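One structure is given here, and the rest of the page talks about it.
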Amino acid sequence: MHSSSSAVHEIPKQASGKLEKLVGNWKSLDADAGKMEYWIDLGEQQMANRPALLNTPHID
1 MHSSSSAVHE
11 IPKQASGKLE
21 KLVGNWKSLD
31 ADAGKMEYWI
41 DLGEQQMANR
51 PALLNTPHID
């Protein structure tokens, strides 16, 4: 009786811990995605501000 009662309390506790870890990982992934988006936007802005090199050889 004691072991089944213990299991009834332990299973939800484990599930809760796994969900908390999942939420933490999701928040971390979201933060990393935001940093990557910023990095990409910064690169696009830098490329847009560079002068175009129009002195390229003509190839037929």
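First residue of the sequence shown? That's 1 in UniProt numbering, and the numbers climb one at a time after it. All residues carry an ideal CB built from backbone N, CA and C; glycine is no exception. On a predicted model such as this, the values are computed, not experimentally measured, just so you know.
Using only the alpha-carbon positions, how far apart do N49 and L42 sit?
The straight-line gap from Cα to Cα measures roughly 11 Å.
Helix, strand or coil for H58 per DSSP?
The answer is coil: DSSP assigns H58 none of H, G, I, E or B.
Have a look at S3 and H9 and give me their C-alpha separation to the nearest angstrom.
Distance between the alpha carbons of S3 and H9: 10 Å.
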